[in-house]
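Since the structure comes first, as structure tokens, the remarks are kept for the end.
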Amino acid sequence: MPRLSAVILTVCALGAVTLGPLTCPTAAQAPAQAVRHVVVFKYKPEATPAQIQQITDAFRALSKSIPGITGFEDGVNNSPEGLNQGFTHVYQLTFKDAAARDAYLPHPEHKKFGQLLGASGIFVSAFVVDYSPHVTR
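Going letter by letter, the sequence shown gives residues 71 to 207 in this note's numbering.
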């Protein structure tokens with residue numbers, strides 16, 4: 071029995087030396103998690119493609135003028151389900167992390183975009199969803 075204890079202690083000591091201390095990452099050590107900011111617009115039926123494109127171009131320009139935005143995508147609803155309730159255009163900004171998203175919200179360029187949207191005369195309403203993606207493998 072003493073021999074078995076010595077073997078177990080030796081194996082444990084070798085494991086600690088070889089593997090180093092086993093620790094769990096803390097929140098401070100965890101990598102920053104991206105945030106997706108999904109904005110869906112409903113435009114007036116009389117909105118022309120050119121008017122909508124002007125809004126889209128202005129929205130896209132935010133990704134070049136506001137730090138922390140790492141991606142921009144846009145598209146038009148093409149779901150056959152008919153559940154979009156008149157919302158047609160989807161815009162997705164990807165932020166480096168929640169702090170970048172939080173800095174974007176009050177940013178003067180974002181506020182300026184909101185004024186342009188309101189003054190366009192074609193905007194009806196929007197809904198916004200933010201999330202951090204979970205990757206399943």
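Quick reminder that beta carbons are idealized off the backbone N, C-alpha and C, glycines included.
Quantities reported herein were computed from a predicted structural model and do not represent experimental measurements.
The beta-carbon separation of V194 and K134, rounded to 27 Å, does not stay under the 8 Å limit for a contact. Judged by pairs of C-beta atoms under 8 Å, the stretch 186 to 193 does not touch the stretch 149 to 159, as fewer than three such pairs exist. Our two residues, K182 and P203, have alpha carbons roughly 28 Å apart in a direct line. Taking 4 residues as the minimum length, the alpha helix (DSSP H) runs contained wholly in the stretch 143 to 184 are 168 to 174, in order along the chain.
Going by DSSP, K134 is part of the alpha helix (DSSP H) stretching over 119 to 135. Among the bridge pairs identified by DSSP, I139 is matched with F165.
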